[in-house]
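Q: This note's numbering applies: residue 10 is where the sequence shown begins, and numbers increase by one.
All C-beta atoms in this analysis are idealised placements derived from N, C-alpha and C, irrespective of residue type, glycine included.
Before we start, here is the structure in question, set down as C-alpha cells.
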Amino acid sequence: QVQLVESGGGLVQAGGSLRLSCAASRSIFSLNTMGWYRQAPGKERELVASITTGDSTNYAGSVKGRFTISRDNTKNTLYLQMNSLKPEDTAVYYCAAGYRSLTIVTSWGQGTQVTVSS
10 QVQLVESGGG LVQAGGSLRL SCAASRSIFS LNTMGWYRQA PGKERELVAS
60 ITTGDSTNYA GSVKGRFTIS RDNTKNTLYL QMNSLKPEDT AVYYCAAGYR
110 SLTIVTSWGQ GTQVTVSS
C-alpha cells in the first residue's frame, strides 16, 4: 500500500481559495485512480474529484467549475485547487488511491480540515 499525507487545509473566507496537496510515499505513476473525498460533520463521506493515470478527471456536481484536481507524477503528489470556496465546502478532506473511479479505495490519507467562514 502507498502512504498518503495531506496538507494545505485551513481557515478561509467565502470566495477565497486553497490548494490541498497529497504526498505519496512512493511513485504514483502506476496508481490507477487518485482523488479527494470530504466529510462534513454529520454527513457521509463523499467523492469530490478523481483523476486517472491517463489524466481523465471527474468532479462532483457541487464543485464542478470551482475545483481542479491534478497530479504530478515526478513529485508523487496529488493536488486539489479550490476556488470560490463556500461555507458548505467546510469538511475534512481525504486523499485516496484506488480503482474503479475510486469506488474501491486501497489507501487513505489522515485528512486535512478545510473551514470556510461566511
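#1: Since alanine 23 and valine 125 are thought to touch, with beta carbons under 8 Å apart, how far apart are those beta carbons, to the nearest angstrom?
#2: In terms of residues, what are the limits of the beta strand (DSSP E) holding alanine 106?
#3: Shortest alpha-carbon distance to glutamate 96 belongs to which of Leu111, Gly70, Glu55, Ser127?
#4: If you run the structure through DSSP and keep just helix, strand and coil, what is leucine 111?
#5: What residues match up with glutamate 55 in a beta bridge as DSSP calls it?
#6: Give the single residue among Ala106, Ser110, Val123, Gln122 whose Cα lies nearest to the Cα of serine 116.
#7: Could you check the C-alpha separation between asparagine 85 and leucine 27 for me, to the nearest Å?
#8: Kindly list the residues whose CB is nearer than 8 Å to the CB of glutamine 10, restricted to its own chain and excluding five residues on each side of it in sequence; keep chain order.
#9: If contacts are defined as beta-carbon pairs under 8 Å, then threonine 121 and glutamate 55 qualify, I think. What distance do you get, rounded to the angstrom?
#10: For leucine 40, count neighbouring C-beta atoms within 10 Å of its own C-beta (all shown protein chains included) and say buried if the count is 16 or more, exposed if not.
A: According to the data block:
#1: Taking a contact as a CB-CB distance under 8 Å, the pair alanine 23 and valine 125 counts as one, their CB atoms being some 6 Å apart.
#2: For alanine 106, the enclosing beta strand (DSSP E) covers residues 100-108.
#3: The sequence as given places proline at residue 96; glutamate does not occur at that position. For proline 96, the closest of Leu111, Gly70, Glu55, Ser127 by C-alpha to C-alpha distance is Ser127.
#4: In the structure shown, leucine 111 sits in a helix (DSSP, three-state: H, G or I).
#5: Answer is Arg47.
#6: When only C-alpha atoms are compared, the closest one is Ala106.
#7: Rounded to whole angstroms, asparagine 85 to leucine 27 spans 20 Å at the Cα level.
#8: Once the five neighbours on either side are set aside, the close Cβ partners of glutamine 10 are Thr115, Ser116.
#9: That belief does not hold up - the Cβ atoms of threonine 121 and glutamate 55 are roughly 16 Å apart, past 8 Å.
#10: Buried, because 16 or more other Cβ atoms sit within 10 Å of the Cβ of leucine 40.
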